[in-house]
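Going down the list, the protein sequences come from chains D and L. Here the numbering used here is used: position 108 in the first sequence is 110, and no number is missing along the way. Here the numbering used here is used: position 77 in the second sequence is 79, and no number is missing along the way. In this text, a Cβ means the ideal position worked out from N, Cα and C, and glycines have one as well.
Protein chains: 2
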Amino acid sequence: EKARRRRKRRRLRPCALRQVEVTVGELGLGYHSDETLLFRYCSGRCNTRRHNYDITLEHMRKAGLIDSDELVRYSPCCRPITYEKDISFLDNSSKYHTVQEVSARECRCT
Amino acid sequence: EKARRRRKRRRLRPCALRQVEVTVGELGLGYHSDETLLFRYCSGRCNTRRHNYDITLEHMRKAGLIDSDELVRYSPCCRPITYEKDISFLDNSSKYHTVQEVSARECRCT
């Protein structure tokens, strides 16, 4: 019951930048490194940011005025608008790497 | 077979501004008007615009490093970045209305 409440709260959280500490290896980019870093990402809902555009597009899709084969989005997406320029680290063979645009810097409902 | 091919082609189209001619009533904003206008919207795929951020976020979600209750997007969204400022029309009782940000002006994979 408690877990369900926590889950519900999390699902309702608005779009924001969040962070998690991970090793470089856990990023899944193919590097073997135990160095840790903060990975920042965008997460959450954008329900309060709907424009007339979104209401109209949803209506038109549901009324069949826009073909169901077309990929349209009638809710804003919580996405990065800027990224951390790059991250640098040593892999487990002491080789130096720089990778770009891994971590988010600012999020927005767009 | 032909219809299926057409469907597939449409599904693979990249993110772009498209338009459809509708009556104001068909916009679904609650106005009764037979005036027609061009409604412009964003539609299509953004697969080619994935950052390291998206690869990492997808990996971390699938590896269980980000909770499955969180709403995260690891593909860019095809969304308007600017809107037509406003549209004006007469309803069927000859009343004048202006509605803002109904139609998209520019789309982007964000």
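Item: For T100 of chain L, which residues does DSSP report across the bridge?; Value: L:S90
Item: Anything in the region 59 to 73 of chain D with a Cβ closer than 8 angstroms to a Cβ of chain L? List those residues in chain order, please.; Value: L59, E60, H61, M62, A65, L67, I68, D69, D71, E72, L73
Item: Does the separation of the CB atoms of R75 of chain D and C44 of chain D fall below 7 angstroms?; Value: no
Item: State whether the region 54 to 72 of chain D contacts the region 16 to 27 of chain D, with contact taken as three or more CB pairs (one from each stretch) at a distance under 8 angstroms.; Value: no
Item: For N49 of chain L and chain D, any beta-carbon pair shorter than 7 angstroms?; Value: no
Item: Can the beta-carbon of Y33 of chain L be found closer than 7 angstroms to that of D88 of chain L?; Value: no
Item: Using a beta-carbon distance below 7 angstroms, is S45 of chain D in contact with chain L?; Value: yes
Item: On the DSSP letters alone, give me the boundaries of the beta strand (DSSP E) that I68 of chain D sits inside.; Value: That residue, I68 of chain D, is in no beta strand (DSSP E); it is neither H nor E in DSSP.
Item: Based on Cα-Cα distance, which residue from D:S105, D:R51, D:R52 lies nearest to L31 of chain D?; Value: D:S105
Item: Give every residue of the same chain whose Cβ lies closer than 6 angstroms to the Cβ of R110 of chain L, excluding the five residues on either side of it in the sequence, and list them in chain order.; Value: I83
Item: Taking just the CA atoms, how far does E28 of chain D sit from L67 of chain D?; Value: 45 angstroms
Item: Taking 7 angstroms as the threshold (beta carbon to beta carbon), is Y98 of chain L in contact with chain D?; Value: no
Item: Please name the residue, chosen from L:C48, L:T50, L:V26, that lies closest to L40 of chain L on a Cα-to-Cα basis.; Value: L:V26
Item: Closest by CA to E72 of chain L, which one among L:R107, L:R63, L:P78?; Value: L:R63
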